[in-house]
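Numbering (this note's numbering), first residue to last: 8 to 455.
Read the structure below first, then the notes.
Dropping the structure here:
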């Protein structure tokens, strides 16, 4: 007799084990073998603790090596394992919602209306992507849907002309108190409309991001109204140039308060705009702790003359992350920027900097700059951790990755001796690139 034991995942715990027993054909019969389902034995199965189920489902979301859609498929699989997995998987599946068209908005609204579960209450983060002609806010159900997201904490607006958004849609969005607001590829003509939206979250807003945005007017008036106290400010793409840094740091015109700013995440598209960082640092009230600077190849046709003579004053900084892009058209640009940062490290070492952590992602260089970097960072007495991610040439053979890592570690002998240096060299076949500007660059230590 051939026997299959089917695990009771599709049943309640303790329902027993179902055996599929092949029923032999009758004698002198040419009939085929049929399977009859028979319950042979009932065994009690200890219920899995809810905490363990939650931990299993949560772990699928903590896999930094998996792509977002891979984690999404894993969640769907978890929901099919057992009905006890459904509440936790549902929480993850609906936590982040992306609306791309008015049609999708109407469809999701219909799903919410017909579902016995309060789906809108599960949405914590919303992304509105208006890249298509059928804009999301064109749906009549949009204000109703937005108003139903009672637990929404984060909003990401992409490809919007803010002044063209319908008043009912803006009012529905403004009714929420957000902790995080992100604008990506957005245009603003009337700064008052933008600032009033930001001001609506004055009591809760802690993170504000502008990525590749454009302010079409440079006429500013004194800001009147409550201002959110920002802890993390992100300026990517053209934001550092288009959004006047003097405006954001002004106590008269700025729609935000920087007295509690802890993290500045900024992209410097042009080397001569390095002063954008210093404009934030020169404020006496800013208790800076973490600075992330990304240098993109856009806008770097040549290295401006004498730009390296200006050094940053970061005596109170605790953590610094530097991202250097791959300058294939002008590879000398990368090394000039790298040497400029080394000069900053040398200056901070003399001043008794409180810098504790440094993270750098860059291309592989000749051995000289690594020795200079080692000499400058070993003078920073407060340094506790140095993490280096090196991107080898796209034409480099995979067999050369390990020798490259060993060679760099030898040049960082001082930091290695202090046991504070950690070096990663990306495999040429799995190089990471710039991802969502609002989250920065993805890497071993830079995943959001």
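The beta-carbon is built from N, C-alpha and C at its ideal position, and this holds for glycine as well.
It should be emphasised that the depicted structure is a prediction, and the values quoted were computed from it without experimental measurement.
Is the beta carbon of residue i less than 9 Å from the beta carbon of residue j?
i: residue 126; j: residue 162; result: no
i: residue 160; j: residue 132; result: yes
i: residue 215; j: residue 194; result: no
i: residue 302; j: residue 342; result: no
i: residue 170; j: residue 197; result: yes
i: residue 106; j: residue 143; result: yes
i: residue 129; j: residue 153; result: no
i: residue 212; j: residue 185; result: yes
i: residue 286; j: residue 259; result: no
i: residue 3; j: residue 433; result: No statement about residue 3 is possible, as the shown extent of the chain runs from 8 to 455 and does not include it.
i: residue 190; j: residue 223; result: no
i: residue 325; j: residue 296; result: yes
i: residue 389; j: residue 360; result: yes
i: residue 110; j: residue 61; result: no
Using three-state DSSP, classify residue i as helix, strand or coil.
i: residue 66; result: helix
i: residue 237; result: coil
i: residue 193; result: coil
i: residue 242; result: strand
i: residue 187; result: strand
i: residue 423; result: helix
i: residue 342; result: helix
i: residue 269; result: coil
i: residue 393; result: strand
i: residue 198; result: helix
i: residue 325; result: coil
i: residue 55; result: coil
i: residue 428; result: strand
i: residue 177; result: helix
i: residue 217; result: strand
i: residue 160; result: coil
i: residue 318; result: coil
i: residue 398; result: strand
i: residue 296; result: coil
i: residue 85; result: helix
i: residue 255; result: helix
i: residue 411; result: helix
i: residue 231; result: coil
i: residue 172; result: coil
i: residue 301; result: strand
i: residue 223; result: coil
i: residue 151; result: helix
i: residue 205; result: helix
i: residue 275; result: strand
Assuming residue i contacts residue j (C-beta within less than 8 Å), just tell me the rounded distance between them.
i: residue 355; j: residue 387; result: 6 Å
i: residue 206; j: residue 232; result: 5 Å
i: residue 376; j: residue 346; result: 6 Å
i: residue 85; j: residue 96; result: 5 Å
i: residue 68; j: residue 99; result: 6 Å
i: residue 209; j: residue 238; result: About 14 Å; that fails the 8 Å criterion.
i: residue 418; j: residue 378; result: 5 Å
i: residue 372; j: residue 427; result: So it is not a contact: roughly 20 Å between Cβ atoms.
If you draw a straight line from the alpha carbon of residue i to that of residue j, how long is it in whole angstroms?
i: residue 113; j: residue 272; result: 36 Å
i: residue 284; j: residue 236; result: 19 Å
i: residue 177; j: residue 204; result: 8 Å
i: residue 331; j: residue 370; result: 7 Å
i: residue 413; j: residue 385; result: 19 Å
i: residue 363; j: residue 323; result: 10 Å
i: residue 270; j: residue 147; result: 39 Å
i: residue 431; j: residue 396; result: 5 Å
i: residue 188; j: residue 288; result: 23 Å
i: residue 71; j: residue 320; result: 34 Å
i: residue 116; j: residue 365; result: 46 Å
i: residue 64; j: residue 264; result: 39 Å
i: residue 92; j: residue 122; result: 18 Å
i: residue 74; j: residue 348; result: 33 Å
i: residue 54; j: residue 82; result: 21 Å
i: residue 202; j: residue 230; result: 8 Å
i: residue 298; j: residue 327; result: 5 Å
i: residue 242; j: residue 217; result: 5 Å
i: residue 220; j: residue 192; result: 5 Å
i: residue 101; j: residue 416; result: 45 Å
i: residue 58; j: residue 77; result: 24 Å
i: residue 56; j: residue 87; result: 18 Å
i: residue 90; j: residue 240; result: 42 Å
i: residue 408; j: residue 94; result: 45 Å
Runs of 4 residues minimum, wholly inside the region 95–135: which ones carry the alpha helix (DSSP H) assignment? 109–121
With a floor of 4 residues, list each alpha helix (DSSP H) that falls wholly inside the region 359–392, ordered by position along the chain. 374–384
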